[in-house]
Amino acid sequence: MPLICVCSPKGGVGKTTLTANLAYALSRAGSKVLAIDFDVQNALRLHFGVPLSDTRGFVAKATENADWSPFVLTTGGNLFVLPYGETTESQRVAFDERLTQDEHFLSRGLSTLLNYPGLVVIADFPPGPSPALKAISRLADLHLIPLMADTASLSLLPYIENHRLTGEELNQKAGHYFVVNQSDNRRQISRDVTGFMEQRLGDRLLGVIHRDESVVEANASQQSIFDFSPVSAAAFDIELISKKIAGILGVNVGDGVVHNDLRPGF
Ligand SMILES: Nc1ncnc2c1ncn2[C@@H]1O[C@H](COP(=O)(O)OP(=O)(O)O)[C@@H](O)[C@H]1O
Ligand SMILES: [Mg+2]
């Protein structure tokens, strides 16, 4: 498999940006990667060049289709995305209800994908607890929690440590790790919070990502930070984090060759 969940109690901390750019980094290193969007905002697909007008996704049909793999979109090379898609309010509610009531609903929907040999799956979530995060957490190999270099994020550490994100201890397999995003050396509070997080989290802090305008511009142009600004500070930071994740999960980053052999449905 391996399955990575990118989640955080806070919105706007860079979950979607990090999910997309880690997917790019891991695929550039030779892995076949699938990015899944569990956020009704349906924004993850925009990071992979899917047009705003393309509303396809898996949630609207998830309760009728036992297997969600036919909804995966190819974005080129080794990279695939399963968008949330546009839904009606009743489709969204039905999806969340099934996630809550049927403990096999999610594992059945993702079973083909999670069993695909060598595929790295990285999932993006809405802020805070959600039925999808709760349902997927037991299958996950690693939880990655982006926070900002601010006091609001700092105040949420006890919330996370008290298992409030999923109602149970975060990752039992490879563990749960943090990333401090938008760290800004020019601001005293940002330096202080980053320093405190480094001390408090130790090895659980996988990396610190600089606040970098290239990230905003890369997002606006629907490109990865590696394509838009390969020598930027953020590209360097995210690449380093992706290498640590690959190391923790024992992902074979392969030969850097793009394997474009797609099976039907992809
Ligand atoms: N390292 C960074 N430097 C500057 N801006 C960033 C950085 N990471 C994310 N952003 C910006 O922060 C905003 C929120 O990011 P997003 O990934 O949508 O967060 P979330 O998914 O947690 O809500 C976006 O406008 C994004 O471009
Ligand atoms: Mg998001």
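Numbered according to the numbering used here, the sequence shown spans residues 1483 to 1748. Yeah, the Cβ is synthetic: ideal placement off N, Cα and C, and Gly gets one too.
Taking the CA atoms as reference points, residue 1565 sits about 14 Å from residue 1595. With respect to the 8 Å criterion, residue 1491 and residue 1610 are classified as neighbours on the basis of their beta carbons.
Residues with their Cβ less than 5 Å from any non-hydrogen atom of ligand 2, running along the chain, are 1497 and 1498. Here DSSP, grouped into helix, strand and coil, assigns residue 1665 to strand. As the crow flies, the alpha-carbon of residue 1614 is around 7 Å from that of residue 1578.
Straight through space, the alpha carbons of residue 1483 and residue 1593 are spaced by roughly 10 Å. By the CB criterion at 8 Å, residue 1600 and residue 1568 fall outside the cutoff. Residue 1734 has its CB no nearer than 7 Å to any heavy atom of ligand 1. Around the beta carbon of residue 1664, 16 or more other beta carbons lie within 10 angstroms, which makes this residue buried. Inclusion of residue 1519 and residue 1508 in the CB contact set at 8 Å is not warranted, their separation being larger than that value. Comparing C-alpha distances from residue 1701 to each of 1731, 1503 and 1493 shows the shortest one belongs to 1503. Bridge partners of residue 1567 according to DSSP: none are assigned. Secondary structure note for residue 1690: its beta strand (DSSP E) is the uninterrupted segment 1687-1692.
Per the coordinates, the alpha-carbon of residue 1570 lies some 8 Å from the alpha-carbon of residue 1542. DSSP lists 1606 as the bridge partner or partners of residue 1519. 8 Å or more divides the Cβ of residue 1607 from the Cβ of residue 1495. About 28 Å separates the beta carbon of residue 1557 from that of residue 1576, a gap too long to meet the 8 Å contact definition. A distance criterion of 7 Å places the beta-carbon of residue 1563 beyond contact range of ligand 1, judged by its closest non-hydrogen atom.
An exposed status is given to residue 1548, since fewer than 16 other beta-carbon atoms sit within 10 Å of its beta-carbon. Closest in C-alpha terms to residue 1521, from the list 1687, 1499 and 1631, comes 1499.
Here DSSP, grouped into helix, strand and coil, assigns residue 1529 to helix.
Below 8 Å, enough C-beta pairs join the stretch 1650-1669 and the stretch 1683-1699 to call them touching: three or more. For residue 1630, the uninterrupted beta strand (DSSP E) segment begins and ends at 1624-1630. Residue 1638 sits close to residue 1629, with the two beta carbons spaced by under 8 Å.
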